[in-house]
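The structure appears right after this line, and notes come after that.
Protein chains in written order, with the UniProt record's numbering: chain A, 1 to 472; chain B, 1 to 472.
What follows is the structure, given as structure tokens:
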């Protein structure tokens with residue numbers, strides 16, 4: 001009997017791979033080692049759990065351990081893989097103090113990423129949190145609950161009941177700090193404001209959501225201020241100060257008293273497991289893979305937030321840790337390991353985020369600088385256009401940035417922001433970009449028009465029209 | 001001095017062409033002859049005017065005669081072109097009983113289409129209407145107003161005040177019939193129900209909105225019934241009976257008493273003007289044109305609802321009279337006539353429609369029959385998928401039909417229906433289809449994911465995944 005397909009990490013990439021493998025190859029064995037108790041949870045949903053729009057933490061689970069067993073997956077939770085020997089083709093696993101070696105036929109490293117807090121002293125205080133993982137989400141929600149009120153259901157076996165109780169017993173905060181103005185920062189600002197808290201967002205650079213480009217950033221900043229958020233831009237946080245918990249955010253020009261701090265300044269790939277192996281990392285520090293998710297070592301794959309992927313525009317290897325990428329790559333690798341070669345697919349850097357009532361999207365190379373760095377001669381325009389026919393109620397001004405290469409006319413990237421069906425429109429650009437369309441081809445697309453949904457010229461077409469004028 | 005660019009018809013295609021020409025060639029002359037009083041109005045908005053969501057008829061105007069003059073367009077309303085002599089290169093124009101010949105350098109025929117009522121006797125009665133044109137919209141809205149209440153503003157010079165007064169003075173209907181279950185029929189059913197009227201929709205075939213495919217049709221039918229609409233499917237109307245106005249819809253199996261009937265059974269291109277010319281029509285009966293909107297006669301162009309266009313999937317000439325097509329073709333022809341050759345662009349048959357709370361979209365070849373007729377070997381699937389992450393509130397089941405060619409795997413068409421951001425998602429398919437993507441390529445697109453807007457696998461990706469399983 002051959003050795004099993006071993007998967008390290010029981011989240012999106014890992015369980016997608018295991019599920020697909022088990023379905024394609026019902027006679028094969030697949031073992032998933034997950035170091036924690038939670039598996040297959042929707043990380044992107046955690047801000048909405050803290051906000052209160054999602055009632056139970058377990059609502060965020062997409063696959064229960066029982067479901068996994070039904071699919072023929074040997075899922076071992078609280079099993080941490082602590083070593084990989086690519087010569088012997090074994091992994092070393094720790095479980096409840098014991099340690100054993102598990103041989104593998106093929107190996108998928110799907111170890112994910114972790115939240116970075118490094119440059120900020122005090123991030124380990126009580127009432128200082130990151131938002132990476134279900135335990136964090138439970139802790140933050142417990143911290144917001146009035147003392148003694150049980151907002152987090154600790155009956156569920158996955159929940160770290162001790163951590164939850166610790167925060168349930170504390171008085172709730174009145175003033176909170178969000179350190180970092182990326183996705184998590186913007187989503188958590190919305191969550192905190194929904195609880196009526198005085199909310200401060202600190203961002204080192206001049207812009208929130210930097211990958212979305214200036215036009216989106218500016219509308220989001222204005223909107224957050226309208227929603228009562230205090231923005232501290234161009235402000236580097238030097239410390240989370242306090243004695244019993246967090247009491248103030250210290251920055252270059254002063255200090256802001258707060259009772260809770262959420263640090264969302266970035267994530268880094270979990271690759272330590274591979275440090276003593278010949279598996280090569282890419283420039284980003286994530287695992288380098290080919291079009292099929294294969295690493296530099298035969299029989300070893302990597303997928304999800306710990307792995308790189310090829311960028312649809314630049315053709316270069318890049319690190320864009322997002323949910324679809326993880327699911328898709330995992331699924332493809334499961335199929336490949338089962339014997340049917342399947343590419344993991346390129347990434348276009350497509351991302352969307354809700355900022356209170358604003359919908360934001362971005363794809364490809366938005367900034368002219370990024371496009372220049374990739375060897376293009378970029379031209380970029382930003383336009384405003386209605387989301388519906390002007391006479392039809394409920395529309396909103398939609399701001400589109402579109403960037404193209406001057407020589408070839410090829411669409412390189414874009415962004416979009418508005419209140420009315422703005423985010424989902426980025427899919428048009430993602431499709432155009434992955435199809436290597438030129439601006440002229442984009443301008444001539446036969447897109448949807450009906451007064452309740454879109455004006456005759458969709459905002460994306462308006463941007464293409466204006467950009468084409470710049471290119472001619 | 002050379003002869004002017006003459007445009008026949010002052011709506012979307014005609015005025016887009018004239019505007020673009022005037023901008024590109026400020027020294028050139030452009031004359032637009034429009035037989036009516038209204039110019040450049042949003043036909044697609046008229047149901048929402050009747051419904052009451054759009055307050056003034058003039059809100060539907062996208063370009064006033066004054067705006068046209070400011071753009072350097074010589075716009076002549078109430079000037080009907082009654083003849084074309086392509087040898088002499090002149091058109092014959094009637095205005096207030098006078099008749100004159102106007103020489104042209106280039107000629108654009110943008111005469112639009114008209115509502116068909118032919119097979120239904122009684123369509124000329126009082127309280128029987130079509131919805132083609134602003135005068136019809138004004139009349140229907142006046143007919144709905146309580147006797148003596150002035151819902152339609154007759155101060156505006158464009159309005160046919162006599163017609164409006166005639167219907168304002170009448171008692172309003174309590175029971176209305178919509179004959180025809182296409183776009184107009186579905187939109188007008190919504191408008192009538194908004195006024196609390198007993199509403200009957202008669203459709204000759206088994207399905208509403210036939211071009212959208214069975215899955216959309218079925219959900220729309222269920223939804224209309226939920227909204228209190230009486231559907232009469234497979235029911236051919238033989239007459240609108242009555243003495244003073246409409247009193248009943250007569251069909252094969254009986255009669256339904258109503259006080260008003262709206263006939264929306266189709267439109268036909270206005271091409272009579274060309275009947276004595278060598279300008280060739282296509283199989284559809286609309287004017288045949290090439291990739292630049294040129295007809296079979298030098299210097300004569302056609303665009304908008306009277307002209308054909310090339311289909312992006314079949315490559316064949318087809319007649320899809322919709323708003324964007326008209327605007328885009330007009331604009332391209334304006335540029336071409338100004339000396340800068342510009343293609344009018346293919347049509348993908350993209351269409352979206354709102355049916356009460358449902359959003360519907362379609363593109364390309366949805367029906368397997370249509371795909372077979374075009375020489376493909378079609379495979380089609382229909383799936384249901386969430387519009388948002390399952391745990392995030394406000395989502396709706398989204399139904400996607402996707403059709404592809406078995407041999408090549410090429411995406412041929414699709415449809416979509418749901419309450420939450422469904423319609424605009426058709427643009428992803430339109431872009432994919434115009435880029436000749438295969439189902440495998442579609443499945444690997446990096447589309448947007450964030451819990452409030454889309455699940456990890458967008459419904460379009462789910463459909464691609466399932467269809468690919470059928471193709472393998």
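Built from N, CA and C at the ideal position, the CB exists for glycine as well.
Let me check one thing: in DSSP terms, what residues is residue i bridge-paired to?
| i | result |
| --- | --- |
| residue 165 of chain A | According to DSSP, residue 165 of chain A bridges with nothing at all. |
| residue 416 of chain A | A:361, A:400 |
| residue 385 of chain B | B:398 |
| residue 354 of chain A | A:359 |
| residue 175 of chain B | B:198 |
| residue 376 of chain B | Looking at the DSSP assignment, residue 376 of chain B forms no beta bridge with any residue, so it has no partner. |
| residue 438 of chain A | A:410 |
| residue 232 of chain B | B:202 |
| residue 405 of chain B | B:378 |
| residue 454 of chain B | B:450 |
| residue 332 of chain A | Beta-bridge pairing links residue 332 of chain A to no other residue. |
| residue 423 of chain A | According to DSSP, which records beta bridges pairwise, residue 423 of chain A is partnered with nothing at all. |
| residue 128 of chain A | A:261 |
At what residues does the beta strand (DSSP E) containing residue i begin and finish?
| i | result |
| --- | --- |
| residue 288 of chain A | Unbroken run through residue 288 of chain A: none, as it is neither H nor E. |
| residue 198 of chain A | 198–202 |
| residue 212 of chain A | Per DSSP, residue 212 of chain A belongs to no beta strand (DSSP E) and is neither H nor E. |
| residue 19 of chain B | First-last for residue 19 of chain B: 12–24, but that is the alpha helix (DSSP H), not the beta strand (DSSP E). |
| residue 5 of chain A | 5–8 |
| residue 205 of chain B | Segment: none, residue 205 of chain B is in no beta strand (DSSP E) and carries neither H nor E. |
| residue 238 of chain A | 237–241 |
| residue 249 of chain A | 248–251 |
Can you tell me where the alpha helix (DSSP H) holding residue i begins and where it ends?
| i | result |
| --- | --- |
| residue 136 of chain B | 134–144 |
| residue 192 of chain B | 183–194 |
| residue 368 of chain B | 368–373 |
| residue 341 of chain B | Taken as a continuous stretch (DSSP letters only), residue 341 of chain B belongs to no alpha helix (DSSP H), as it is neither H nor E. |
| residue 460 of chain B | 459–471 |
Our contact map puts residue i next to residue j with C-beta atoms below 8 Å; I'd like the distance itself, whole angstroms only.
| i | j | result |
| --- | --- | --- |
| residue 243 of chain A | residue 251 of chain A | 19 Å between Cβ atoms; not a contact. |
| residue 198 of chain A | residue 175 of chain A | 4 Å |
| residue 365 of chain A | residue 412 of chain A | 4 Å |
| residue 312 of chain B | residue 446 of chain A | 7 Å |
| residue 138 of chain B | residue 164 of chain B | 5 Å |
| residue 131 of chain A | residue 201 of chain A | Wrong, their Cβ atoms sit about 14 Å apart, outside the cutoff. |
| residue 36 of chain B | residue 78 of chain B | 7 Å |
| residue 352 of chain A | residue 426 of chain A | 6 Å |
| residue 112 of chain B | residue 270 of chain B | 5 Å |
So residue i contacts chain D; which residues on that side make the cut at Cβ distance below 8 Å?
| i | result |
| --- | --- |
| residue 111 of chain A | Absent from the structure is chain D; the protein chains it does hold are A and B. |
* To do: May I ask you to verify whether the stretch 32–41 of chain A touches the stretch 316–335 of chain A, counting CB pairs closer than 8 Å and requiring at least 3?
  => Touching, no, given that fewer than three Cβ pairs across the two stretches are closer than 8 Å.
* Are the stretch 42–57 of chain B and the stretch 135–151 of chain B touching, with three or more C-beta to C-beta distances below 8 Å? -> The stretch 42–57 of chain B makes contact with the stretch 135–151 of chain B; the number of CB pairs closer than 8 Å reaches 3 or more.
* Mind listing, in chain order, the continuous alpha helix (DSSP H) runs of no fewer than 4 residues lying wholly within the stretch 34–100 of chain A? => Taken in chain order, the unbroken stretches of alpha helix (DSSP H) that lie wholly in the stretch 34–100 of chain A and span 4 residues or more are 46–51, 65–70.
* Asked: Which full runs of the beta strand (DSSP E) of 3+ residues lie inside the stretch 254–318 of chain B, going along the chain?
  -> When DSSP assignments are scanned along the stretch 254–318 of chain B, the uninterrupted stretches of beta strand (DSSP E) that are 3 or more residues long and fall wholly within it turn out to be 254–257, 260–263, 267–269, 300–302.
* To do: List in chain order: all unbroken beta strand (DSSP E) runs of 3+ residues lying wholly within the stretch 96–125 of chain B.
  => Fully enclosed beta strand (DSSP E) runs of no fewer than 3 residues occupy 98–103, 107–109, 113–115 of the stretch 96–125 of chain B, in order along the chain.
* Three or more C-beta pairs closer than 8 Å, one from the stretch 95–111 of chain A and one from the stretch 123–138 of chain A: is that the case here? -> Short answer: they don't touch.
* Asked: Is the stretch 391–402 of chain A touching the stretch 457–468 of chain A, taking contact as three or more C-beta pairs under 8 Å?
  -> The stretch 391–402 of chain A makes contact with the stretch 457–468 of chain A, as at least three CB pairs between them are under 8 Å.
* contact_flag[the stretch 75–95 of chain A, the stretch 223–234 of chain A] where n(CB pairs < 8 Å) is 3 or more -> Note that the stretch 75–95 of chain A does not touch the stretch 223–234 of chain A; fewer than 3 beta-carbon pairs, one per stretch, sit closer than 8 Å.
* Evaluate the contact criterion for the stretch 430–444 of chain B versus the stretch 435–447 of chain A: three or more CB pairs, one atom per stretch, below 8 Å. => Contact between the stretch 430–444 of chain B and the stretch 435–447 of chain A is present, because at least three Cβ pairs lie under 8 Å.
* Asked: Three or more beta-carbon pairs under 8 Å between the stretch 25–37 of chain B and the stretch 114–121 of chain B, yes or no?
  -> Contact between the stretch 25–37 of chain B and the stretch 114–121 of chain B is absent, with fewer than three C-beta pairs closer than 8 Å.
* To do: Check whether the stretch 76–90 of chain A touches the stretch 301–319 of chain A, counting contact only when three or more Cβ pairs, one atom from each stretch, lie closer than 8 Å.
  => No: the two stretches stay apart, fewer than three of their Cβ pairs being nearer than 8 Å.
* Asked: Is the number of C-beta pairs between the stretch 339–358 of chain B and the stretch 296–316 of chain B that are closer than 8 Å three or more?
  -> Contact holds between the stretch 339–358 of chain B and the stretch 296–316 of chain B, because three or more Cβ pairs, one in each stretch, are under 8 Å apart.
* For the stretch 153–168 of chain A and the stretch 9–25 of chain A, state whether three or more C-beta atom pairs, one from each stretch, are separated by less than 8 Å. => Result no; under three Cβ-Cβ pairs closer than 8 Å.
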